[in-house]
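Per the working numbering, residue 3 is the first one in the sequence shown, and the count goes up by one each step.
All residues carry an ideal CB built from backbone N, CA and C; glycine is no exception.
Please read these numbers as outputs of a predicted model, since none were measured by experiment.
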Amino acid sequence: MSFLKRIFASSSPSANPASQPALQHSQPASDLNTRSPMSQENSSRRELLRLVLRDTLNRTGIPTSWLGADLLAATSRGRDPGIHVRLLVKHWDPRLMLHGMAFETAYKKRVMTLDPLADRWLLGISWQFSLADDTGCPAMPHPGVWTSSIPAAALAVGELEAQTAMTASDPGDLLGGSIVISGPAATPDSSAARPAAAAAIRQAARHSAPEPLTDSRAEAKADLERLFAIRDEDLQRHAQSGSSSQHFAATEPAGLEALGHLPRNGDTEAAPLQASFAKTDVFRRPAASGTGEPVNR
Numbered sequence: 003m004s005f006l007k008r009i010f011a012s013s014s015p016s017a018n019p020a021s022q023p024a025l026q027h028s029q030p031a032s033d034l035n036t037r038s039p040m041s042q043e044n045s046s047r048r049e050l051l052r053l054v055l056r057d058t059l060n061r062t063g064i065p066t067s068w069l070g071a072d073l074l075a076a077t078s079r080g081r082d083p084g085i086h087v088r089l090l091v092k093h094w095d096p097r098l099m100l101h102g103m104a105f106e107t108a109y110k111k112r113v114m115t116l117d118p119l120a121d122r123w124l125l126g127i128s129w130q131f132s133l134a135d136d137t138g139c140p141a142m143p144h145p146g147v148w149t150s151s152i153p154a155a156a157l158a159v160g161e162l163e164a165q166t167a168m169t170a171s172d173p174g175d176l177l178g179g180s181i182v183i184s185g186p187a188a189t190p191d192s193s194a195a196r197p198a199a200a201a202a203i204r205q206a207a208r209h210s211a212p213e214p215l216t217d218s219r220a221e222a223k224a225d226l227e228r229l230f231a232i233r234d235e236d237l238q239r240h241a242q243s244g245s246s247s248q249h250f251a252a253t254e255p256a257g258l259e260a261l262g263h264l265p266r267n268g269d270t271e272a273a274p275l276q277a278s279f280a281k282t283d284v285f286r287r288p289a290a291s292g293t294g295e296p297v298n299r
């Protein structure tokens, strides 16, 4: 029995631990991970995604500080492990939301051009707001806006009108009032038709609506003409009735009233006036030496 035990013990892998290589015990886990083929592939894929993001931002003209990306290791049922791209919005601009889908499509197309097998390991793209200050973001609108009958094309034209009004140098580009377009609204096939529609609206407003400066000058001129007409009519009425001096009283100096006889110093009539005052008494100051002298006060 002991003989069989020695035979099986010598043939087992754990019988001679000194013969096994000790390499995996001497290397750190980080070195093992970096030397694995899967980790090297993920590292090259992450570098590719960063380069494509920077290249897409430069091609579209978006500042590179507006968007960032988090490259996350992800798994999916029925697929091999891959990478999930999370785009970070670091600067608020409504145009990013308006053209976000087009930017994502251009980004994926560029990745597929450089790596045709990217659809196997690129598991998805998501967006996240990572703003340092969100005070400039608009508030939620009225709940009825989402189910209103206003077509999306009209809302897009309104946004273009607001952007054009902010950068317009011609007063005719500023729309003075609301414009009502009759007939069914047709949804444009692409965004290329929106600038043409906005230009047509501005052209119609330039011919129909008067300039604000012209209106104010015309109103001021009309007010002056009315004032001059009233003055001329008043002058003509006074000229027909006679001299204009008849409407005013003659200017004369004010009359002088005679004053009665005023008593002078030494007159006998001044005596009753003195009776209203109290008699002045002699005040004696007590002297320190015991003698005092009268002091008139």
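Three-way DSSP call (helix, strand, coil) for residue i in this model
i      : result
TRP123 : helix
HIS321 : Residue 321 lies beyond the stretch modelled for the chain, which goes from 3 to 299, so this question has no answer here.
GLY257 : coil
ARG233 : helix
ASP72  : strand
GLY84  : strand
ARG112 : helix
MET40  : helix
HIS240 : helix
ALA141 : coil
ALA134 : coil
ARG79  : coil
SER58  : The question names Ser, yet the displayed sequence has Thr at residue 58. The answer is helix: DSSP assigns THR58 an H, G or I state.
PRO96  : helix
SER45  : helix
ASP225 : helix
SER150 : coil
THR66  : coil
SER246 : Note that SER246 has pLDDT 48, beneath the 50 cutoff, so the model's placement of it is unreliable and no number is given.
Burial state of residue i, where buried means 16 or more other Cβ atoms lie within 10 Å
i      : result
LEU69  : buried
GLY138 : exposed
LEU53  : exposed
ALA120 : buried
LEU100 : exposed
LEU116 : exposed
SER184 : In this predicted model, SER184 has a pLDDT of only 42, less than 50, meaning its place in the structure is not dependable enough to derive any value.
MET168 : Note on MET168: pLDDT 49, under 50, position unreliable in the model; the coordinate value appears next. With fewer than 16 Cβ atoms within 10 Å of its Cβ, MET168 is classed as exposed.
For residue i: DSSP bridge partner residues
i      : result
ALA129 : First, the residue type needs correcting, since residue 129 is Trp and not Ala in the sequence shown. According to DSSP, which records beta bridges pairwise, TRP129 is partnered with LEU89.
CB contact flag (residue i, residue j, <7 angstroms)
i      : j      : result
LEU55  : ALA76  : no
THR58  : ARG122 : no
SER132 : LEU90  : yes
LEU74  : LEU51  : no
ARG88  : GLN130 : yes
LEU125 : GLY80  : no
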